[in-house]
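If you're matching them up, the sequences are chains A and B in order.
Under the working numbering, the first sequence has 210 at position 210, and the numbering climbs by one with no breaks.
Under the working numbering, the second sequence has 448 at position 131, and the numbering climbs by one with no breaks.
Glycine included, C-beta positions come from ideal geometry on N, C-alpha and C.
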Amino acid sequence: MATYLLRRLGLAVITLWLLSMIVFFAGQVLPGDPGRAILGPLAAQSSVRVLDQQLGVDRPLVTQYWSWVSGLVHGNMGQSYEFRSPVEPFIHAALLNSVKLAALAFIVVVPLGILGGVIAALNVGRPIDRVISITGLSATTVSEVVSGVIIIVIFGVELKWFPVSASAGTGASDLSQLDHLILPAIPLVLVLFGYIARMARAGTIEALESDYARTATLKGLKRSVVIRRHILRNSLLPTITVIATQTGYLFGGLVIVETLFNYQGIGKLIYTAASGKDFPMLEAGVLTIGIVYMVATLIADVLYTLLNPRLRLGSTG
Amino acid sequence: MTAADTTTAAGTGGGTGPAVTVEQMDVTYKVRGQDRLALRDISFQIGRNESYGLVGESGSGKSTVALALTRYLPRNGRVSAGSIRINGIDPLALGNTSLRELRARTVSMVYQEPGRALNPSIKVGRQIAEVYEIAGLDRKSALERSEAMLRKVQISDPGRVMERYPHQLSGGMAQRAVIAMALAAEPSLLILDEPTTALDVTVEAEVLDLVAALRDEFDTSVLFISHNLAVIAKMCDRVGVLYAGELIEEGVAREVFDQPRHPYTVGLLRCIPRRGQRKDNGRLDTIPGFLPPPGHSLTGCIFAARCPIAEERCRTAAPPAFAISPTRSSRCYLHEQTPDLPRNTPVNVELVSHRDAATAIVRVQGLSKTFDSRGEAVKALVGVDLSIERGETLGLVGESGSGKTTLARALLGLIAPDEGSIVELDSRPLEADARRRPREQLKALQIVFQNPDSALNRRHTVRRLISRPIARLAGLSGARLRERLADLVTSVRLEERHLALRPSQLSGGLKQRVAIARAFAGGPRIVVCDEPTSALDVSVQAAILNLLVDLQAKEQVTYLFISHDLGLVRYLSDRIAVLYLGRVMELGPAETVFAGPHHPYTEALLSAVPSLDGLHTERIRLSGEIPSAADPPSGCVFHTRCPRRLPTGICESTEPPLLEVAPGHLMSCHIPLDELRTLQDTGQAP
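As structure tokens, then:
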């Protein structure tokens, strides 16, 4: 178990390092240069060059990467080009906002998805299964841009049930913040529901058809007991992995949703940084999402291992 | 009858009537909107404390009978006609509560894969305790009773087994746990569906003994479902033979197997090698043709198309069940003619043997293979010395974990043996890695696997599957390739039309023929047959075995034949090597090894095999399971299970050498041959 964890951690570090390379070099390849982007198209070429020099972007790429990475290792994520100040406070605040939104979506979608999937599986081929499966699939295929706009129009503009903007403003109470977050969470829930429900459904069907489910039923156990005690634990194992990988997706989806709802989260931050060619901010943002993704996957793997005696205990004992 | 009535009836479970009565039962599956009859007009009874066997090949519907009795048919299946009574109760008429009651108290079931019958994420003890909890016991006493029950199924350390998860148990152990679970409710009917098919013969013997003993102790009626006729013969009082969803013959087990009265039963029995029958003196008979497709709408007898004596009336009107005697019935108009049923293949075939005992085609010396498993050295093979003579069939037997497959894989160059091992082909060393073997060596050694499904690339046509090795290994092309292809196809009795098909369009038997043709494509010298028929039905198996025998004569090849089925090995092999924990225990001419005196391990293997003739030699049983190859016992590795271990302590301390005890007969045992002969001849069980 310990060796497994260490290996997983090692892999995560390597993945992060690769990600940092990709992010950094891809970021530099984006057209235009930072000095020009900051000063605007009308600024003199000489002042652009001076600014570039101040920012250090005129140095060779490898040197820039090296100073960036060594900064990262010392906990310094770099200086924002745009704000001329360290990026950490921005990332920190944005991450916190995003976590709130993602957490809300998560709290809603995980139980809902699992429930939907299990109900569908218990009624395979019946109308309720079709409804859940088709709803899930349709919701998944519709992009957040589309569902987000529709939701804003219906619930925010027409019905006026919820505020359209996600930010409650500084000093707002938690409850009011929650109120503001409901609308933006819906597109995320819609996208994820289908995935989770489908996995939960597949896992449950497999477990229902298993020999051990038959054993349990033929013991004379009540169906509810068979499902609770014998089916769910085995059927939801694969779902856990899916949920964790979807965490990463959730953060990716935030870019669209946060922009749409004008919410100061990490997605919005990345979007703004990318369009403003604020590379340090962009790189730090993407790297942060990478870390979140990695941690989520790691947690899922550990959970999976803990819940699965076959992995926990090995084949002989 | 109201729900309350049935509950009390299910609860009492007593009575003097039969345990099970099935009358004119049809089971229908709805497939793509169409009703398909899976079982037709099934009637049988199981008396109190009687053991009733249902025997049939795959697709005969035997498991469907079990599912119908427990009312566990899949959602698209239903009992569409007839009636079922278990202890006088109709399970089909029960409400949910009474059905649960019936399952909890009256019927229990054990099936093929014990590992899958247990919930992988719940400890074994909890799973058994559940049964007692349903009966109303509290958790603590339920666990106590479970432990006692595990002791009853002869698990020596029940406390430890209770704390285990299913994957931590061996197959035999898991099946005992499942049996314990099934008997915990003291059911009046125990259904066993292929309970030992996934187990080794030695373990099978133990489990069967256990079932027989417990059946008496618990006074339980048994429905025993199996494809293995010998197991049914050993375990059952009466037997019913199922074919394509119909019960075609029924009677006292001994009588049915000694004097079958339905052409299908006759054919089935002729497909199985009997004691003393060998490839050169008694060819196996076959059943031509195929099972009618599911949902067929045949008029007349379902077996008519494959029956050598079918007449006009057989094809026009379905025969009723003729009562031959008060205890026998057969669904055959011509049941009186069955003793003289003509054979489909002649019994005597001239076989040209190319055997040359003087020339070793393969020589193996000091062959060892150590695997590394989580830092432990697992010795799969330890200093194996043997040679394979030109043109012979060398049978390789032993329990799983004995090293049979490792030996085959080392020969084929699929795994590299340990340093110092010698593997020679025609007195020249064989490259350890198949990828570095020259074409001549690759061509010389080929294999037929157990499961043709995974051995054949399902995206390729049969033509491509066979042509490729002809081109690659034999180096033929153009007209000569086509000629060789046609020759092979005829030899394995495939037809021209099969060439365009893909494996998924073929039955298991046909697929194995393709795999055999593929193995022979390059003109091999040695073909390793690794359990080539164990995934096949008995009637298909016979045809494949005949084919292997014919091909050996025609292509002058040598076989290394690996099988867990000692009957097959005896039928086919010229010499036999018995492996245990990666060591050769005994090696010699097939008849000598089988006739004895044998190595105690061979003796144990032989006495574990149930025989159709009902002739049982004095049996010795192996206790426990094959020890771990990571930590083999000291001295003779077999001493921990050997029923004939010497009291002197030499078996524990010194490993016996493999010595020639008679010309060509080698054995690794401290007990002198004469003493073994005395012990085994007098049938003296230890």
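Exercise. Consult DSSP for B/H987 and reduce its assignment to one of helix, strand or coil.
Key: The residue labelled residue 987 of chain B in the question sits at position 670 within the second sequence. DSSP places B/H987 in coil when its eight states are reduced to three.
Quiz item: Which same chain residues, not among the five before or five after B/I967, have their C-beta less than 6 angstroms away from its C-beta?
Solution: Residue mapping note: residue 967 of chain B aligns to position 650 of the second sequence, counting from 1. Answer for B/I967: H987, listed in chain order.
Self-check item: Among B/V874, B/E848, B/R785 and B/A550, the one whose alpha carbon lies nearest that of B/E706
Solution: Looking up residue 706 of chain B in the second sequence gives position 389. The shortest C-alpha separation from B/E706 is found at B/V874.
Exercise. Would you verify that the beta carbon of A/L313 is, or is not, closer than 8 angstroms to some beta carbon of chain B?
Key: Along the first sequence, one-based indexing puts residue 313 of chain A at 313. A/L313 counts as touching chain B.
Exercise. Would you mind telling me which residues of chain A sit closer than 7 angstroms to B/M426, beta carbon to beta carbon, in chain order?
Key: Position 109 of the second sequence, counted from the first residue, corresponds to residue 426 of chain B. The contacting residues are L218.
Quiz prompt | Cβ-based neighbour list, B/G708, same chain, cut-off 7 angstroms, excluding 5 preceding and 5 following | solution = The sequence position of residue 708 of chain B within the second sequence is 391, counting from 1. Within the same chain, B/G708 has close Cβ partners S670, H671, R672, D673, Q873 and T875.
Quiz item: From A/N123, A/L39 and A/T241, pick the residue whose C-alpha is nearest to that of A/L303; which is it?
Solution: Looking up residue 303 of chain A in the first sequence gives position 303. Of the candidates A/N123, A/L39 and A/T241, the one whose C-alpha sits nearest the C-alpha of A/L303 is A/T241.
Quiz item: What residues in the segment 201-212 of chain A bring their beta carbon closer than 9 angstroms to a beta carbon of chain B?
Solution: E209, S210, D211 and Y212
Quiz item: Quick one: what's got a C-beta closer than 7 angstroms to B/V495's C-beta in the same chain, skipping five residues either side?
Solution: If you number the second sequence from 1, residue 495 of chain B lands on position 178. Closer than 7 angstroms at Cβ, skipping near neighbours: V427, P431, A434 and L435.
Exercise. For B/H484, name the three-state secondary structure that DSSP assigns.
Key: Looking up residue 484 of chain B in the second sequence gives position 167. Helix, per DSSP.
Practice problem: Using a Cβ-Cβ cut-off of less than 7 angstroms, give me the residues of the segment 230-255 of chain A that come near chain B, in sequence order. | Solution: H230, R233 and N234
Exercise. Throw me the rounded Cβ distance for the B/L898 and B/D702 pair, which I believe falls under 8 angstroms.
Key: Counting from 1 along the second sequence, the entry for residue 898 of chain B is found at position 581. Counting from 1 along the second sequence, the entry for residue 702 of chain B is found at position 385. 16 angstroms between Cβ atoms; not a contact.
Practice problem: Kindly identify the DSSP beta-bridge partner or partners of B/F878. | Solution: As a first step, residue 878 of chain B is located in the second sequence; it is residue number 561 there, counting from the start. DSSP output for B/F878 lists B/G712 and B/C846 as bridge partner(s).
Quiz item: Name the DSSP beta bridge partners of B/I893, please?
Solution: Along the second sequence, one-based indexing puts residue 893 of chain B at 576. Looking at the DSSP assignment, B/I893 forms a beta bridge with B/G712 and B/G905.
Quiz item: In three-state terms, what does DSSP make of B/Y346?
Solution: One-based indexing of the second sequence puts residue 346 of chain B at position 29. In the structure shown, B/Y346 sits in a strand (DSSP, three-state: E or B).
Practice problem: Compare the C-beta of A/R198 against all C-beta atoms of chain B and say whether one is closer than 8 angstroms. | Solution: Position 198 of the first sequence, counting from 1, holds the residue named residue 198 of chain A. Not an interface residue.
Quiz item: For B/R349, does the count of other Cβ atoms within 10 angstroms reach 16, so buried, or fall short, so exposed?
Solution: Here the question's residue 349 of chain B lines up with position 32 in the second sequence. Under this definition B/R349 is an exposed residue.
Quiz item: Where does A/V13 land, buried or exposed, given buried means 16+ other C-beta within 10 angstroms?
Solution: Start at 1 with the first residue of the first sequence, and residue 13 of chain A comes out as number 13. Classification for A/V13: exposed.
Quiz item: Touch check for the segment 276-285 of chain A and the segment 76-92 of chain A: three-plus C-beta pairs under 8 angstroms?
Solution: yes
Practice problem: Please classify B/D657: is it buried, with 16 or more other beta-carbons within 10 angstroms of its beta-carbon, or exposed? | Solution: For this step, residue 657 of chain B is matched to residue 340 along the second sequence. Label assigned to B/D657: exposed.
Quiz item: What residues match up with B/H777 in a beta bridge as DSSP calls it?
Solution: As a working note, residue 777 of chain B is residue 460 in the second sequence. In the DSSP output, where bridge partners are listed per residue, B/H777 has none listed.
Quiz prompt | For B/T338, the residue or residues it bridges with in DSSP | solution = By 1-based counting over the second sequence, the position of residue 338 of chain B is 21. Its beta-bridge partners are B/Q362 and B/R402.
Quiz item: When the Cα atoms are used, what is the spatial distance from A/E158 to A/G194?
Solution: For this step, residue 158 of chain A is matched to residue 158 along the first sequence. For this step, residue 194 of chain A is matched to residue 194 along the first sequence. Spanning the two alpha carbons is a distance of roughly 27 angstroms.
Practice problem: Since I believe A/A120 is in contact with A/D129 (beta carbons under 8 angstroms), could you give me their beta-carbon distance rounded to a whole number of angstroms? | Solution: Here residue 129 of chain A refers to the residue found at position 129 when the first sequence is read from its first residue. Here residue 120 of chain A refers to the residue found at position 120 when the first sequence is read from its first residue. At roughly 4 angstroms, the Cβ-Cβ gap stays under 8 angstroms, so A/D129 and A/A120 are in contact.
Exercise. Quick one: grab the DSSP three-state call for B/T965.
Key: The residue you call residue 965 of chain B lines up with position 648 of the second sequence. In the structure shown, B/T965 sits in coil (DSSP, three-state: anything other than H, G, I, E or B).
Quiz prompt | Reduced DSSP secondary structure (H/G/I, E/B, other) of B/Q829 | solution = Reading the second sequence from its first residue, position 512 is the one you call residue 829 of chain B. Three-state result, B/Q829: helix.
Practice problem: Apply the 10 Å Cβ neighbour rule to B/S719 and answer buried if 16 or more other Cβ atoms are within range, or exposed otherwise. | Solution: Taking the second sequence and counting its residues from 1, the one referred to as residue 719 of chain B is at position 402. It is buried - the Cβ of B/S719 has at least 16 other Cβ atoms within 10 Å.
Quiz item: Taking 8 angstroms as the CB-CB cut-off, is B/N436 touching chain A?
Solution: Position 119 of the second sequence, counted from the start, is the residue given in the question as residue 436 of chain B. Taking Cβ atoms only, chain A reaches closer than 8 angstroms to B/N436, which makes this a yes.
Self-check item: Cutoff 7 angstroms; reference B/D735; Cβ partners in own chain excluding five residues on either side
Solution: Sequence index remark: in the second sequence, residue 735 of chain B carries index 418 (1-based). Same-chain partners within the cutoff: S685, K686 and T687.
Self-check item: Chain-ordered neighbours of B/Y897 on chain A, where CB pairs are closer than 9 angstroms
Solution: Looking up residue 897 of chain B in the second sequence gives position 580. Result: empty, since nearest Cβ-Cβ is about 20 angstroms, beyond 9 angstroms.
Self-check item: Listed by chain order, chain B residues near A/R228 by CB distance under 8 angstroms
Solution: By one-based count along the first sequence, residue 228 of chain A stands at place 228. Simply none; closest approach about 12 angstroms.
Practice problem: Have a look at B/T919, B/L525, B/L540 and B/N413 and flag the residue whose alpha-carbon is nearest the alpha-carbon of B/G364. | Solution: Here residue 364 of chain B refers to the residue found at position 47 when the second sequence is read from its first residue. Nearest C-alpha to B/G364: B/L540.
Exercise. Could you name each continuous beta strand (DSSP E) segment of 3 residues or more that falls completely within the segment 114-188 of chain A, going from the start of the chain to the end?
Key: none
Quiz item: Got a sec? Which residues, its chain only, sit under 8 angstroms from B/T722 by beta carbon, not counting five neighbours each side?
Solution: Position 405 of the second sequence, counted from the first residue, corresponds to residue 722 of chain B. Around B/T722: D847 and I879.
Quiz item: Can you list the residues of chain A that B/A697 reaches, using a CB-CB cut of under 9 angstroms?
Solution: Taking the first residue of the second sequence as position 1, residue 697 of chain B is located at position 380. Chain A residues near B/A697: none, gap ~15 angstroms exceeds 9 angstroms.
Practice problem: Say whether the segment 462-472 of chain B touches the segment 435-445 of chain B, bearing in mind that this needs 3 or more beta-carbon pairs closer than 8 angstroms, one atom from each stretch. | Solution: yes
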